[in-house]
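Heads up: the sequence shown begins at 371 in our numbering, then just goes up one per residue.
As structure tokens, the structure follows; a few thoughts come after it.
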Amino acid sequence: MVAVNPYLNFNGTTEEAFKFYRRVFGGEFITLQRFDDTPEASQIDEADRHKIMHVALLLSDGTILMGTDALESMGHPLHCGNNFYLSISADSESEADRLFGALADGGIISHPIERTFWGAYFGLCIDRYGIQWMVNYDYLDQ
Numbered sequence: 371m372v373a374v375n376p377y378l379n380f381n382g383t384t385e386e387a388f389k390f391y392r393r394v395f396g397g398e399f400i401t402l403q404r405f406d407d408t409p410e411a412s413q414i415d416e417a418d419r420h421k422i423m424h425v426a427l428l429l430s431d432g433t434i435l436m437g438t439d440a441l442e443s444m445g446h447p448l449h450c451g452n453n454f455y456l457s458i459s460a461d462s463e464s465e466a467d468r469l470f471g472a473l474a475d476g477g478i479i480s481h482p483i484e485r486t487f488w489g490a491y492f493g494l495c496i497d498r499y500g501i502q503w504m505v506n507y508d509y510l511d512q
């Protein structure tokens with residue numbers, strides 16, 4: 371079964387926004403990782419290292435609300451239209467490949483699907499209709 375979850379991009383207010391969403395919806399943070407926690411931390415502007423690389427809030431219905439601070443210093447300017455993704459959690463690497471290939475067909479691959487340092491098989495694409503997708507298979511869940 372494929373799960374689709376919203377992924378929100380913010381301009382430095384992710385932590386504040388997600389604390390607000392936790393108060394509104396309840397739930398627990400299952401992940402909260404700062405840019406300072408990544409292997410690339412030394413390449414990130416000092417002012418941005420404390421910002422949120424990835425946060426995941428598990429809601430009571432099983433939906434996962436996720437987010438990040440889009441860093442202009444890393445070439446990710448934020449504007450209306452790129453402030454969200456739909457994130458797909460695949461059940462296998464082969465399913466992730468199939469979904470990513472189908473969504474990227476006629477669209478744009480922003481980040482090829484590949485293994486990551488955080489234990490996932492992950493890719494980003496924009497489909498032919500302009501919708502941004504994250505396709506993810508978590509090795510750590512297996």
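Note that beta-carbon positions come from the ideal geometry of N, C-alpha and C, so glycine has one too.
A quick note: this is a predicted structure, and the numbers were derived from the prediction, not measured.
At the C-beta level, A460 and L448 stay beyond 7 Å of one another.
Using a C-beta cut-off of 8 Å, the region 419–438 makes contact with the region 391–399, since at least three inter-stretch Cβ pairs fall below that distance. Under the rule that a run must span 4 or more residues, the alpha helix (DSSP H) segments found entirely inside the region 432–512 read 463–474. At the C-beta level, S464 and M504 stay beyond 7 Å of one another. Where E398 is concerned, the enclosing beta strand (DSSP E) starts and stops at 398–404.
Straight through space, the alpha carbons of L510 and T383 are spaced by roughly 28 Å.
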